[in-house]
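Chemist: Residue numbers (our numbering): 11 to 142. Every residue gets a Cβ at the ideal spot worked out from N, C-alpha and C, and that includes glycine.
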């Protein structure tokens, strides 16, 4: 049995990091090493994100709400130091929005075939999205 947060960490977090990394480099002109430091990942990870080799489990680029949340987080990172607490809250806010929209369900089913996504509705129900 897997829980939505496991799927988010393995599948969604890399996608969000890839989106942020690309925006840091292309919008704010940061080098891969600088983007890696801000995201707390290695430079090779940033290289994989920028070449769409890692972080492609789900397409979030065309979702306006998610794109806006990612852009806001990227702006915060580009402006200067962000506290560990605020960084976690931003990631969790993006994940909550993804879960509330039901975008994680198919990934969860692929990750754990025993999940009955047709009957579940936990992520899209308001009270279950309050993880932080």
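#1: For a quick check, are the C-beta atoms of residue 8 and residue 18 less than 9 Å apart?
#2: Report, in whole angstroms, the separation of the C-beta atoms of residue 108 and residue 51, which I expect to be a contact under 8 Å.
#3: Could you check what DSSP says for residue 47 in three-state terms: helix, strand or coil?
#4: Tell me which residues share the same chain as residue 125 and place their Cβ nearer than 6 Å to its Cβ, disregarding the 5 neighbours each side in the sequence.
#5: Determine the contact status of residue 25 and residue 99, defining contact as a CB-CB distance below 9 Å.
#6: Can you list, in chain order, the residues of its chain with a C-beta nearer than 6 Å to that of residue 40? Leave out the 5 residues immediately preceding and following it.
#7: What distance in whole Å lies between the Cβ atoms of residue 80 and residue 112, which are believed to be in contact at a cut-off of 8 Å?
#8: Does the distance from the C-beta atom of residue 104 to that of residue 83 stay below 9 Å?
#9: Taking only the alpha-carbon atoms, compute the straight-line gap between residue 102 and residue 66 and give it to the nearest angstrom.
#10: Have a look at residue 122 and residue 128 and give me their C-alpha separation to the nearest angstrom.
#11: Quick one: give me the first and last residue of the alpha helix (DSSP H) that residue 40 is part of.
Modeler: According to the data block:
#1: Limits of the chain in this structure are 11 at one end and 142 at the other, which puts residue 8 out of reach.
#2: In fact, because the Cβ distance is near 19 Å, the residues do not count as touching under 8 Å.
#3: Reduced to three states, the DSSP call for residue 47 is helix.
#4: Contacts found: 118 and 119.
#5: Between residue 25 and residue 99, the C-beta gap is not smaller than 9 Å, which leaves the two residues out of contact.
#6: Excluding residues within five positions, the ones whose Cβ falls inside 6 Å are 34.
#7: About 18 Å separates the beta carbons of residue 112 and residue 80, which is beyond the 8 Å limit, so they are not a contact pair.
#8: The answer is yes: Cβ separation under 9 Å.
#9: Residue 102 and residue 66: Cα-Cα distance of roughly 19 Å.
#10: Per the coordinates, the alpha-carbon of residue 122 lies some 14 Å from the alpha-carbon of residue 128.
#11: No alpha helix (DSSP H) contains residue 40, which DSSP labels as neither H nor E.
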